[in-house]
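Q:
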Amino acid sequence: MNPDYAIEVHDVKKKFRIFYDKGNDLKDRILFRNRNHYEDRWVLKGISFRVKKGEAIGLIGHNGCGKSTTLKLLTKILYPDSGSIEMTGRVSSLIELGAGFHPDMTGRENIYTNASIFGLTKKEIDKRLQEIINFSELEDFIDNPVRTYSSGMYMRLAFSVAINVDANILLIDEILAVGDANFQKKCFDKLREIKAHGTTIVIVSHALGQIEQICETSYWIEDGLIKQSGTPKIVHDNYLKSMELKRTEQLEKQHATEQEKEQELEKSSVTKISQKLPDFCEKTAIRMGTQEIVFTDVQLRNLENQKQYVFDTQEKIKIFLKYQSNKNNLKGNFGYGIFREDGLHCYGTNILIETGECIPIQEQGELEIIFQNSLLPARYFLDIAVHSHDGIIFDDIRQVISFVVSSSKQDIGVCRLKSSFLWR
């Protein structure tokens with residue numbers, strides 16, 4: 385093994401045997417042998433990568449692509465069917481929340497048990513005990529049974545033990561998604577600190593921003609193979625675009641299927657129950673308001689008036705709205721908001737803010753909003769609303785449409801700011 389590397393994975397393959405109709409006991413298996421049908425499902429089809437000492441990498445991909453399996457192979461919870469994995473030094477892992485904790489033992493007792501699993505002697509644990517307790521911020525609960533802990537408290541204790549065992553390699557699977565914002569920041573700061581001291585880190589996460597903050601390299605796993613590796617922002621950008629295109633294809637198929645069902649219902653004269661959310665909405669959308677004015681269509685378009693779901697940073701985006709009103713002499717304050725997938729409120733405005741007045745409402749009308757997209761690569765949600773001048777909500781749809789922003793550049797943050805560089 386190359387002495388510069390902490391982890392070397394060579395052409396690793398892993399399969400799981402999936403039974404369709406397996407007998408539950410010995411009697412069933414003997415009497416109904418023909419029912420024991422199964423298939424070998426290959427989760428990993430030959431992945432290879434190397435991680436330098438002190439480097440941090442991220443593993444990304446959709447659910448079931450093999451990320452967590454790869455991490456379990458690194459921890460030797462699982463073993464590959466072929467290929468090899470070489471690792472140097474003490475390994476600490478956060479594979480599953482509270483794994484290795486005994487629910488009836490106290491937090492203090494579990495620290496000793498868990499740390500000993502990672503290879504620490506009692507003397508070494510004694511030396512680190514107070515530091516672990518202080519980091520977890522569980523001083524008042526450390527002598528309570530861990531079954532009385534919340535999931536956040538479990539995570540605090542598990543993370544505190546894992547990062548205080550002086551590991552050469554730290555493996556993390558989605559665990560940083562748990563906990564409050566302050567503790568998450570504390571965890572990130574600690575990860576940066578131990579990385580600066582030479583610890584090698586492998587993170588599996590759907591939170592791409594977490595990986596970008598810590599890792600030098602991302603590996604995108606798809607269909608059991610590494611589809612792309614490299615700078616996290618570039619890999620994540622391509623991954624998001626791919627996921628959004630697949631999602632829109634699925635939506636279009638679903639809409640086509642729903643339309644076929646509606647046509648069949650109309651032919652058979654079956655009364656159709658009206659849906660609360662129209663077809664243009666995401667299934668996770670939330671709608672509220674008096675419905676005196678209602679949106680009848682919402683689309684994101686490019687300047688050529690083509691429907692679009694993936695936009696480049698600095699590309700102009702058109703929000704196309706259709707509405708109808710069942711009341712005369714109304715004036716409407718139309719607005720929109722944009723939220724990043726993690727809930728960050730990126731921007732919001734309305735006609736009243738921009739022009740100082742609401743617009744007259746027709747029985748049926750259309751509205752176009754064009755804005756310069758300065759957002760950086762990520763997945764975003766669009767909110768749209770129409771209110772009265774004094775704030776009465778006529779129609780307000782949260783997360784009406786999702787879209788993805790991509791970019792060929794590598795700046796970081798939420799949005800691109802116009803910058804000038806002067807030198808002498």
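Everything in the sequence shown is counted per the working numbering, starting at 385 for the first residue and increasing by one. Cβ coordinates follow ideal geometry from the N, Cα and C atoms, glycine included.
1) To which residues of the same chain is K706 closer than 6 angstroms at the C-beta, ignoring the five residues directly before and after it?
2) Do you know how far the Cα of E558 is from the Cα of N548?
3) Could you give the distance in angstroms between the alpha-carbon of T697 and the alpha-carbon of V586?
4) How far does the beta strand (DSSP E) with G749 in it reach, from first residue to last?
5) Just curious, the alpha helix (DSSP H) that F567 is in, first and last residue?
6) Quick check on this structure: which residue in K506, Q794, G442, N494 has the alpha carbon closest to the alpha carbon of D527?
7) Among A499, S544, K506, C599, which has the Cα closest to the Cα of N518?
8) Using the Cα positions of K437 and R671, report the straight-line distance between them to the nearest angstrom.
9) Based on Cα-Cα distance, which residue from D465, Q594, F765 lies nearest to R401?
10) Measuring only the C-alpha atoms, how far is D726 from F765?
11) If you draw a straight line from the alpha carbon of K656 to that of F778, how long is it in whole angstroms?
12) Taking C-alpha atoms, which residue in P387, K398, V788 lies nearest to S472?
13) Using a threshold of 8 angstroms, state whether the C-beta atoms of F758 and N717 are closer than that.
14) Quick check on C799: buried or exposed, where buried means 16 or more other Cβ atoms within 10 Å of its Cβ?
15) In this structure, does DSSP put G673 in helix, strand or coil?
16) Under a three-way DSSP split, which group does L478 fall into?
17) Consult DSSP for E508 and reduce its assignment to one of helix, strand or coil.
18) Taking the Cβ atom as the reference point for each residue, do I479 and V396 lie within a distance shorter than 8 angstroms?
19) Taking the alpha carbon of D767 as the point to measure from, which residue in V784, I754, D774 has its own alpha carbon closest?
20) In this structure, what does DSSP give as the bridge partners for D780?
21) Is it buried or exposed for N498, if we count other Cβ within 10 angstroms and need 16 for buried?
22) Taking just the CA atoms, how far does I444 sit from S589?
23) Can you tell me whether Y603 is buried or exposed? The criterion is at least 16 other CB atoms within 10 Å of its CB, across all chains shown.
24) Would you check if the distance between the CB atom of V477 and the CB atom of T459 is smaller than 8 angstroms?
25) To the nearest angstrom, how far is the alpha carbon of I598 from that of C571?
26) Helix, strand or coil for A551 per DSSP?
27) I'd like the span of the alpha helix (DSSP H) that includes M539, first residue to last.
28) Between F755 and I701, is the Cβ-Cβ spacing less than 8 angstroms?
29) With H, G and I counted as helix, E and B as strand and the rest as coil, what does DSSP make of Q708?
30) I need the boundaries of the beta strand (DSSP E) containing Q612, first residue and last residue.
31) Which same chain residues end up closer than 8 angstroms to Q659 when comparing Cβ atoms and leaving out the 5 residues on each side of it in sequence?
32) By a C-beta neighbour count over all protein chains shown, 10 Å radius and 16 as the cutoff for buried, is Q675 buried or exposed?
33) T584 and V393: beta carbons closer than 8 angstroms?
34) By a C-beta neighbour count over all protein chains shown, 10 Å radius and 16 as the cutoff for buried, is H729 buried or exposed?
35) Tell me the residue span of the beta strand (DSSP E) that contains E470.
36) Identify every run of the beta strand (DSSP E) within the segment 706 to 740, keeping only runs that are complete inside it and at least 3 residues long; order them along the chain.
A: So, from the data block:
1) T680, D681, E750
2) 19 angstroms
3) 30 angstroms
4) 748 to 756
5) 565 to 580
6) N494
7) S544
8) 51 angstroms
9) D465
10) 10 angstroms
11) Caution is warranted here: a pLDDT of 42 is assigned to K656, below 50, making its placement in the model unreliable, and the coordinate value is therefore given only provisionally. In a straight line, the C-alpha of K656 is about 26 angstroms away from that of F778.
12) It is worth fixing the name first, because residue 472 is Thr in this sequence and not Ser. Checked all of P387, K398, V788; the closest Cα to T472 is P387.
13) Residue identity check: residue 758 is Ser in the sequence provided, not Phe. Their beta carbons are not under 8 angstroms apart, which means S758 does not touch N717 by this criterion.
14) exposed
15) coil
16) strand
17) helix
18) no
19) V784
20) M672, A769
21) buried
22) 6 angstroms
23) buried
24) Position check: residue 477 holds Ser in this sequence, whereas Val was assumed. It is a contact, given that the beta carbons lie within the stated cut-off.
25) 11 angstroms
26) coil
27) 535 to 546
28) yes
29) strand
30) 609 to 614
31) Residue placement at Q659 is poorly supported in this model, since its pLDDT is 45, which falls under 50; the coordinates still yield a value, given next. Closer than 8 angstroms at the Cβ level, and outside the excluded window around Q659, lies no residue.
32) exposed
33) no
34) exposed
35) 466 to 471
36) 715 to 724, 729 to 734
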